[in-house]
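Count the sequence shown with the working numbering and you get residues 227 to 886, in order. Since the structure comes first, as structure tokens, the remarks are kept for the end.
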Amino acid sequence: MPIRWRILSIAALNSAVVLVLAGLIWSGSQVLSSAWDDVRQVRQSDQILALLESETGRLQNLIHRYINQPSPDLFAEILLLREAVLGTLNSRASNDPILSGSVAELERVTERFLSGFGELRALQTTIARTYEDQVLSPAKDMAGLYSIIEGATGQRDALIWPALGKSREAFTAMLVAANAYYLSLASASAEEARRNTETIERTIPVMTDLADNDLQRIALQRLKDRAVALRRGLAKLSEQLTGRTDLLRNSIDASQADTIGVIDGLSVKMRQREQNAQATFDHTLAAISRNVMVIAAGFLAVIIIAGIVIALSIRLPLQQIMIAMRAITSGDYGRRVQGTNARDEVGAMARAVDIFRENAIAKRETENELRASKERAESALLELNAAQQNLIDAERLAALGGLVAGVAHEVNNPIGISLTVASSFSRRSDMFAAELRSGTPLKRSQLEEFVRTSRDAAQQLVANLHRAAELIQSFKQVAVDRSHAERRQFSLAEATEQIVASLRPVLKKSPIALAIDVPDGLLIDGYPGSYGQILTNLFLNAVNHAFPDGRAGTITIAARLRGDDIEISFADNGAGMTPDVQRQAFDPFFTTRRNEGGTGLGLHIVYNLVTQQLGGRMMLESRLGQGTTFRIIMPRALTGAAGSLDGAAPQWPTRTISSI
Numbered sequence: 227m228p229i230r231w232r233i234l235s236i237a238a239l240n241s242a243v244v245l246v247l248a249g250l251i252w253s254g255s256q257v258l259s260s261a262w263d264d265v266r267q268v269r270q271s272d273q274i275l276a277l278l279e280s281e282t283g284r285l286q287n288l289i290h291r292y293i294n295q296p297s298p299d300l301f302a303e304i305l306l307l308r309e310a311v312l313g314t315l316n317s318r319a320s321n322d323p324i325l326s327g328s329v330a331e332l333e334r335v336t337e338r339f340l341s342g343f344g345e346l347r348a349l350q351t352t353i354a355r356t357y358e359d360q361v362l363s364p365a366k367d368m369a370g371l372y373s374i375i376e377g378a379t380g381q382r383d384a385l386i387w388p389a390l391g392k393s394r395e396a397f398t399a400m401l402v403a404a405n406a407y408y409l410s411l412a413s414a415s416a417e418e419a420r421r422n423t424e425t426i427e428r429t430i431p432v433m434t435d436l437a438d439n440d441l442q443r444i445a446l447q448r449l450k451d452r453a454v455a456l457r458r459g460l461a462k463l464s465e466q467l468t469g470r471t472d473l474l475r476n477s478i479d480a481s482q483a484d485t486i487g488v489i490d491g492l493s494v495k496m497r498q499r500e501q502n503a504q505a506t507f508d509h510t511l512a513a514i515s516r517n518v519m520v521i522a523a524g525f526l527a528v529i530i531i532a533g534i535v536i537a538l539s540i541r542l543p544l545q546q547i548m549i550a551m552r553a554i555t556s557g558d559y560g561r562r563v564q565g566t567n568a569r570d571e572v573g574a575m576a577r578a579v580d581i582f583r584e585n586a587i588a589k590r591e592t593e594n595e596l597r598a599s600k601e602r603a604e605s606a607l608l609e610l611n612a613a614q615q616n617l618i619d620a621e622r623l624a625a626l627g628g629l630v631a632g633v634a635h636e637v638n639n640p641i642g643i644s645l646t647v648a649s650s651f652s653r654r655s656d657m658f659a660a661e662l663r664s665g666t667p668l669k670r671s672q673l674e675e676f677v678r679t680s681r682d683a684a685q686q687l688v689a690n691l692h693r694a695a696e697l698i699q700s701f702k703q704v705a706v707d708r709s710h711a712e713r714r715q716f717s718l719a720e721a722t723e724q725i726v727a728s729l730r731p732v733l734k735k736s737p738i739a740l741a742i743d744v745p746d747g748l749l750i751d752g753y754p755g756s757y758g759q760i761l762t763n764l765f766l767n768a769v770n771h772a773f774p775d776g777r778a779g780t781i782t783i784a785a786r787l788r789g790d791d792i793e794i795s796f797a798d799n800g801a802g803m804t805p806d807v808q809r810q811a812f813d814p815f816f817t818t819r820r821n822e823g824g825t826g827l828g829l830h831i832v833y834n835l836v837t838q839q840l841g842g843r844m845m846l847e848s849r850l851g852q853g854t855t856f857r858i859i860m861p862r863a864l865t866g867a868a869g870s871l872d873g874a875a876p877q878w879p880t881r882t883i884s885s886i
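Now the structure itself:
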């Protein structure tokens, strides 16, 4: 069987395990989900019941507080809490699947609880009115009548005065007891109020018998009537307060107890349902775990056995192949590869290893030929490097050869003029000497003419010979600097002027203006010959490439100090370079005028001189049609030994190219 089918069989077994376990887990998850939904729903219903129980208990407390101390704030709070209880029943409890069947009973006991508060509030209004009209009003009249009786009694030693004092004290005690009973519903206060009322009624006949004027008797008769009315009012108030207590106990407290009972009954049912759901959840989870472990263990045993068989069927042939590979890598090509007749992938690998063995044999036979070819190639490479170095040296000296020709032509002009002037002056001297020898008198004008001619000839000779001497001296210094790579301190401005002077003949052939901005006092400890070679190559490169076909333009050479370095700028306003040309400008043998005799080594030599011998760096900025600028930054004093370009592999430091 091919290896892929063996691996696929293991994958199929794993997939079967996954599918069976997934189906088992999915079916169990449905049961678990249902049980968990029941648990969650029971907890939600329990929260609603707890809320109802809390709200009804708080409402009961508020009603008791309102009965004892009526106030608009308490009444408003009772109404708000009543709406909250009804809202909980109508919105949350009615939509709850567990409580929806018991909402009617909850609403019934709650409505009875709330309607009992309405009846209790109406009865409380009646009690307040009874207390005001039938207790406090007669008491106010009796207080006035007592004042009248006291005022009608003239002397403190009158016979009526002790009975009047006792009645007045009983009246005061009755008022205190009545108020206490109204506010606190204390039975002792009610009994004391009743007893003091009887005392008042018993003292009135005594005071009537002891009255000594008609005003006292009339007031006592009125006092008797108001005392009877007060006694009846207290009795009615007691009856109404007893009814309020019964109503509070039967309607409010009983309804609250019924509500709590209904809630407790529902809580018991929900606890049972939650326990059943939790038991179902636990049982299902245990069954799923047990089944998963049994199935997983069975399939795991099958997979392990199948895996071992398949692994051995692959591992043993692979070991034979590995032994053959080690033999091949150790050079033992005579050992045959086992398993090449097998039809599976291992057989294909064995056949591939056998082919590799045959190739190794062929490779060993060809290595000798390759080694010989390598030796021939290395010899050719050495010859090529020597030829390349010869070309670079020839290019470095080519500028000096052109310089020699230009200087020779330039020096020929003042020397030729001097020769002509000297010849003319010699002939004029011979003529003047002949005139002197002829004996003819010499005129003053002739002498003055000879003197003037001699002075002019001498001035022309001196000027032209000075010019020739300057050219020869400049060329001599440049030639010495270039032919002798000797390190010395030199003035940058003076060296630049000498190099430019040697390049003047080239400028006469082209309409190119040259501007130099090199301040005096810039001294460099380096190689003046390399600096001259750099300027000459840049100048000839600009003449040939920036201003082709006799195009006019300007070349600017400027220098400035930058800390311990000097920056030299060589700029032209010529044709410029494309980005592709900029990227290859410093590469050896790259030129855009190969068909016109260009070698492509000018800028390469410049770059090597700047970066290797002068220890600086070089930047190129150019844009097509807008000119080119070469920026050279080099130290004022070289550090270490002088560099050499001969016989060494060129080092290529990072260079900056910009086409902004």
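Where a beta carbon is used, it is the ideal one built from N, C-alpha and C, also for glycine.
- About 11 Å separates the beta carbon of Leu390 from that of Ile374, a gap too long to meet the 8 Å contact definition.
- With the rule of 3 Cβ pairs closer than 8 Å, the stretch 502 to 509 counts as touching the stretch 247 to 265.
- Listed in chain order, the alpha helix (DSSP H) elements of length 4 or more contained wholly in the stretch 371 to 445 are 387 to 410, 413 to 436.
- Around the beta carbon of Asn690, 16 or more other beta carbons sit within 10 angstroms, so the residue counts as buried.
- The distance from the Cβ of Leu835 to that of Ile760 is about 5 Å, consistent with a contact at the 8 Å cut-off.
- Short of 7 Å from the beta carbon of Ala310, and not among the five residues preceding or following it, lie these beta carbons of its own chain, in chain order: Glu281.
- Rounded to the nearest whole angstrom, the C-alpha separation of Leu840 and Ala683 is 48 Å.
- Setting aside the 5 residues that flank it on each side, Phe651 is surrounded in the same chain by Ala683, each with a C-beta closer than 6 Å to its C-beta; the list follows chain order.
- Between Asn422 and Ala453, the C-beta spacing is not below 8 Å.
- In the structure shown, the three-state DSSP call for Ser655 is helix.
- Note that the stretch 458 to 468 touches the stretch 349 to 357; at least 3 beta-carbon pairs, one per stretch, sit closer than 8 Å.
- Going by DSSP, Thr804 is part of no alpha helix (DSSP H) at all; its letter is neither H nor E.
- Inter-residue distance for Ala578 and Gln564 is about 12 Å (C-alpha atoms, whole angstroms).
- In this structure Leu596 is exposed. Its beta-carbon is surrounded by fewer than 16 other beta-carbon atoms within 10 angstroms.
- Here DSSP, grouped into helix, strand and coil, assigns Ala811 to coil.
- Taking Met575 as the centre and dropping the five residues before and after it, the same chain places the C-beta of Ile547 closer than 7 Å to its C-beta, in chain order.
- In this structure, the beta-carbon distance from Gly752 to Arg788 does not fall below 8 Å.
- With a cut-off of 8 Å on Cβ pairs, the stretch 439 to 456 is in contact with the stretch 358 to 368, counting three or more such pairs.
- Residue range 754 to 767 is occupied by the alpha helix (DSSP H) that includes Leu764.
- Secondary-structure assignment with DSSP links Leu740 through a beta bridge to Ile781.
- The C-alpha of Gly377 lies about 13 Å from the C-alpha of Asp438.
- For Leu829, the enclosing alpha helix (DSSP H) has its first and last residue at 828 to 834.
- 8 Å or more divides the Cβ of Ile549 from the Cβ of Ala586.
- In this structure the stretch 756 to 773 touches the stretch 848 to 860; the number of beta carbon pairs closer than 8 Å is three or more.
- As computed with DSSP, Phe773 is found in no beta bridge at all.
- For Pro861, the enclosing beta strand (DSSP E) starts and ends at 854 to 861.
- From the listed residues Asp359, Gln360, Trp387, Gln381, the smallest Cα separation to Tyr372 is found for Trp387.
- In the three-state scheme derived from DSSP, where H, G and I count as helix and E and B as strand, Phe525 is classed as helix.
- Per DSSP, Leu840 lies in no beta strand (DSSP E) and is assigned neither H nor E.
- Residue pairing from DSSP places Glu793 in a beta bridge opposite Arg786, Ile859.
- Counting C-beta atoms within 10 angstroms of its own C-beta, Pro737 has fewer than 16 neighbours from the protein chains shown and is therefore classed as exposed.
- Exclusion of the five residues before and after Ile529 leaves Ile236, Leu239, Asn240, Val243 as the residues of its chain whose Cβ lies within less than 8 Å of its Cβ.
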